[in-house]
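**Q** Position one of the sequence shown corresponds to residue 1 (the working numbering), numbered consecutively onward.
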Amino acid sequence: MGQQPKGGNMGFQQGGGGGGGGFGGGRPREMFKATCAGCQKECEVPFKPSGDRPVYCKECFSKRKEQSR
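1) If I measure Cβ to Cβ from Phe32 and keep anything under 7 Å in the same chain, skipping five residues before and after, which residues do I get?
2) What residue range is occupied by the uninterrupted beta strand (DSSP E) comprising Cys57?
3) Using 8 Å for Cβ pairs, my map puts Cys36 next to Val55. What's the rounded Cβ distance?
4) In the DSSP output, which residue or residues are listed as bridge partners for Glu42?
5) State the Cα-Cα distance for the pair Gln71 and Arg29, rounded to the nearest angstrom.
Quick look at the structure:
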């Protein structure tokens, strides 16, 4: 059979810099301050708001999700 490079199948886990994607492991995500488009309260979100789409706090986001069902 073919030879595997040293290190086996671990290459994809190395190299740093990649975006999140883990489930609770590793370092905490960077949070960004935003104003909720629903209740106008200041909140923190795990992405940098671009300004062209509304941002919702957890409460308003879950309410909107329930309404869309």
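Backbone N, C-alpha and C fix where the C-beta goes; we use that ideal spot for every residue, glycine too.
**A** The relevant details are as follows:
1) Cβ-Cβ distances below 7 Å link Phe32 to Glu44, Val45, Phe47, Lys48, Pro49 in the same chain, with the five nearest sequence neighbours on each side left out; the list follows chain order.
2) Judged by DSSP secondary structure, Cys57 falls outside any beta strand (DSSP E); it is assigned neither H nor E.
3) With 8 Å as the limit, Cys36 and Val55 qualify as a contact, their Cβ atoms being about 7 Å apart.
4) Listed as beta-bridge partners of Glu42 by DSSP are Thr35.
5) Not covered by the structure: residue 71. The range shown for the chain is 1 to 69.
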